[in-house]
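A.B. asks: When you number the sequence shown by full-length UniProt numbering, it's gap-free, plus one each residue, and the end is 299. Just so it is clear, CB atoms sit at the ideal spot from N, CA and C, and this is done for glycine as well.
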Amino acid sequence: MRILFLTLLVLNLGFLAYHMAFGGGDTISEDVVLPGQDVATLEPLPPPEDSGPEEDAGTGRAGEDGAARAAARATASATEGRPDDGSPDAEKAESGAASRSGAGSKETSAPAPTPEVAVPETTGGSSDPGDPEERGTTGSTRPTCYALGPLSPELLDRVEARVAETPLRIVERWQGDRSESRYWVHLPPAPDMDGARERQEALKAAGYRDILLVRNGDMARSISLGVFANRANASQHQQRLQADGFDARITEQSRKTRAPFLGLKVPEGAGGSVAGVRRLVEQEEAALTERPCDGLHQQ
């Protein structure tokens, strides 16, 4: 049975090729019956289209190649029981498939939306707090406070007078430690008390009145010639004594005492007043230090 089917198929292909090649007519006989089918109706094939230049170097003719392809499509259509590829139904099916394929291709190739990147806004302001003494003029709502001291009695009076002329306010007073240096001008200890008395009399004869004979301690039998808070003043006194022939010396002495401190609050916009107070005390031992307003009294 298979051999018979193949034989009929080959004959059918040969007949179609002959019919197409030598112009045996525009239609195929409807009396041809293929195995496996009761009746196979073959629709007329369109005339072969001129495909232009030679396509197959082996045959040299594009028309014959096109006829062979048309015959193969007709045979496959008849065998499978579906319309020929060139039929209107096939063209519609191919057109619909192409449309669906194109739509799917468009949907697939559509670029994904690019997410927008949020850009932080800049306010244009500076985060630098600036000079502490100028913060009162920049619109800051946080109060600024300073601790001022230690102050001598004379400096305390001058500071209070200056603050009274400014928007600054004294909000706290306290006593704190103060380290003092004193400069002692003296003659070294004599070998014995008689020698110390002789030096004392010589100083009086030279016109010195502020003299004291030390009788006890490590510096016993020495002559004290004064204690100075300023080293420059002590040096001048030493030089005078040496010019008069006395072996005057300077010894630095340190001690801790208690001294007054002030707590100052700087209202908004009064930063310039702080600079004025700083200039007032910059030549003294006092220090102007910024501190939290609730922790001014902290050493």
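What residue from Gly226, Leu280 and His186 has the CA that sits closest to Phe246's CA?
C.D. replies: One-based indexing of the sequence shown puts residue 246 at position 246. Phe246 has its Cα closest to that of His186, out of Gly226, Leu280 and His186.
A.B. asks: Taking the CB atoms as reference points, tell me whether Leu296 and Glu160 lie closer together than 7 Å.
C.D. replies: Start at 1 with the first residue of the sequence shown, and residue 296 comes out as number 296. Start at 1 with the first residue of the sequence shown, and residue 160 comes out as number 160. No, the Cβ-Cβ distance between Leu296 and Glu160 is not below 7 Å.
A.B. asks: Figure out for me which residue from Ala270, Leu9 and Leu213 has the closest Cα to the Cα of Gln200.
C.D. replies: Taking the first residue of the sequence shown as 1, we reach residue 200 at position 200. That would be Leu213, whose Cα lies nearest to the Cα of Gln200.
A.B. asks: Roughly how many angstroms separate the alpha carbons of Leu280 and Val227, rounded to a whole number?
C.D. replies: Here the question's residue 280 lines up with position 280 in the sequence shown. Here the question's residue 227 lines up with position 227 in the sequence shown. Each residue's Cα considered, the two are about 26 Å apart.
A.B. asks: How big is the Cα-Cα spacing for Asp194 and Asn216?
C.D. replies: The residue you call residue 194 lines up with position 194 of the sequence shown. The residue you call residue 216 lines up with position 216 of the sequence shown. The alpha-carbon atoms of Asp194 and Asn216 are separated by roughly 15 Å.
A.B. asks: Report the start-end ranges of each beta strand (DSSP E) in the stretch 211-251 that is 3 residues or longer and not cut off at the edges.
C.D. replies: Runs found: 223-228.
A.B. asks: Please identify the residue among Gly276, Pro292 and Arg2 whose C-alpha is closest to the C-alpha of Arg162.
C.D. replies: Counting from 1 along the sequence shown, the entry for residue 162 is found at position 162. It is Gly276 whose Cα lies nearest to the Cα of Arg162.
A.B. asks: Tell me, which residues are paired with Arg173 by DSSP?
C.D. replies: Mapped onto the sequence shown, residue 173 falls at position 173. For Arg173, which the question treats as bridged, DSSP gives the partners Leu262.
A.B. asks: DSSP has Tyr18 in a bridge; who is on the other side?
C.D. replies: Here the question's residue 18 lines up with position 18 in the sequence shown. According to DSSP, which records beta bridges pairwise, Tyr18 is partnered with nothing at all.
A.B. asks: With a 10 Å radius around its C-beta and 16 neighbouring C-beta atoms as the bar for buried, classify Pro153 as buried or exposed.
C.D. replies: By 1-based counting over the sequence shown, the position of residue 153 is 153. It is exposed - the Cβ of Pro153 has fewer than 16 other Cβ atoms within 10 Å.
A.B. asks: So what does DSSP say about Leu168, is it helix, strand or coil?
C.D. replies: By one-based count along the sequence shown, residue 168 stands at place 168. It is coil, neither helix nor strand.
A.B. asks: Quick check on Ala161: does DSSP put it in helix, strand or coil?
C.D. replies: Within the sequence shown, numbered from 1, the residue matching residue 161 stands at position 161. Of the three classes helix, strand and coil, the one that applies to Ala161 here is helix, per DSSP.
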